[in-house]
Amino acid sequence: MNQWRHGAILAFLLVMLVEVLWVGIDTERDSKPVVWQWVATKVSVGFPVNFVSVTTFESRGQPLFVIGADDPWAPGVRILWGWFLVDLLAAVALFIAISHLLLHKTGLLFIKACIFGVVGGVLMSLGSSDAGGWNWLTWVFLVFLFAGIPGLIYINTKHLTRNLGALALLAVSLLVLPWACRWGDQFKTENRFTMSHRSKTTLTPTLQQMVVQPLACWTVLIIPLLLMRKIQESVVRSQQSE
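So the sequence shown is residues 0 to 241, counted in numbering that gives the first Met the number 0.
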């Protein structure tokens, strides 16, 4: 009973994590240089469809027009009740799916690999800036990327006799990582919450960021991962020979 309860709590927390990672921020702006400027920021929540959104409005000067109440960028809370049922059913289905995955070792490893990718993506977002500057979190991210992720994958796959499973989990972590990074980037001050923010299209993921770079990292990180597994095999053989 306790095991089922713990699994249900963990599944619920993972569903909440997915909901948080699906939070989106969009912005719209218009301006006349020096005279006036307005910016609308919309925070949307809901998986897989954002059924509720909260919009804030900032302005400087005297804009030539006023946003109407029926405008999608009008300030306030907007709830799409039709999509609420879709999101509720999706949350229940996701909870059931995660609960079943937690009952199997393979499913649990897959979830762990996704979490490793989320942690790495958040660290990457915190450690980078548009100006190209680095901070101490940049070094934390690099250590986690080149040592932490391969080490965690190795620890959790020591019982696997073949390398294929470990390499697959490493790929899962690295494919999740850039998505988590882009999610964190949208909350940065220089991107969203200032009057001088840029267009939202600048944060659109590219094929290079989402696929090419993770695959390039994968080809590099398989070296320490396979090396650790090779050392483990050598130690086991030496113990068996004794």
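Backbone N, C-alpha and C define an ideal beta-carbon position, used for all residues, glycine too.
Taking C-beta to C-beta, are residue i and residue j nearer than 9 Å?
| i | j | result |
| --- | --- | --- |
| E57 | W37 | yes |
| I148 | G119 | yes |
| L79 | V121 | no |
| L100 | I114 | no |
| N155 | R228 | no |
Count the other CB atoms, across all protein chains shown, that sit within 10 Å of the CB of residue i; report buried if there are 16 or more and exposed otherwise.
| i | result |
| --- | --- |
| L173 | buried |
| F186 | exposed |
| P177 | buried |
| M123 | buried |
| V175 | buried |
| L108 | buried |
| V14 | buried |
| A92 | exposed |
| A68 | exposed |
| I8 | exposed |
| A165 | buried |
| A146 | exposed |
| A215 | exposed |
Rounded to the nearest angstrom, what separates residue i and residue j at their Cα positions?
| i | j | result |
| --- | --- | --- |
| K31 | S43 | 28 Å |
| G116 | W82 | 29 Å |
| P47 | G60 | 38 Å |
| V219 | V85 | 41 Å |
| L206 | D25 | 21 Å |
| I95 | Q208 | 32 Å |
| T54 | I66 | 12 Å |
| R77 | H103 | 40 Å |
| W72 | V34 | 21 Å |
| K199 | E27 | Bear in mind that a pLDDT of 45 at K199, under 50, signals an unreliable position, so the number given afterwards is only what the model happens to contain. Taking the straight line joining both Cα atoms gives about 8 Å. |
| L87 | N49 | 11 Å |
| S233 | I97 | 36 Å |
| F11 | P74 | 32 Å |
| F226 | G6 | In the sequence on display, residue 226 carries Leu and not Phe. Those two C-alpha atoms are separated by around 34 Å. |
| C180 | T40 | 20 Å |
| L16 | Q238 | 42 Å |
| L144 | R236 | 30 Å |
| A167 | D29 | 46 Å |
Grab me the residues of residue i's own chain with a C-beta within less than 8 Å of its C-beta, minus the 5 sequence neighbours each way, in chain order.
| i | result |
| --- | --- |
| W138 | G126 |
| V22 | V42, S43, V44 and W182 |
| L169 | A112, I148, P149, I152, W217, L220, I221 and L224 |
| A278 | Residue coverage of the chain in this structure runs from 0 to 241, which leaves residue 278 outside it and unanswerable. |
| P213 | A170, L173, L174, L176 and P177 |
Report all residues from its chain with a CB closer than 6 Å to the CB of residue i; omit the five preceding and five following residues, and keep chain order.
| i | result |
| --- | --- |
| L20 | W182 |
| F140 | L122, M123 and G126 |
| G106 | L100 |
Comparing the CB of residue i with every heavy atom of the ligand NAD, is any distance shorter than 8 Å?
| i | result |
| --- | --- |
| V171 | The ligand NAD is absent from the structure shown, which contains no ligand whatsoever. |
For residue i, I'd like the list of residues in its chain whose CB is within less than 7 Å of its CB, leaving aside the five on either flank, ordered along the chain.
| i | result |
| --- | --- |
| K157 | Q231 |
| N134 | G126 |
| L159 | A165 |
| L136 | L122, L125 and G126 |
Kindly provide the ranges of any alpha helix (DSSP H) runs that are 4 or more residues long and lie completely inside the segment 97 to 149, ordered along the chain. The qualifying runs are 104 to 125 and 135 to 142.
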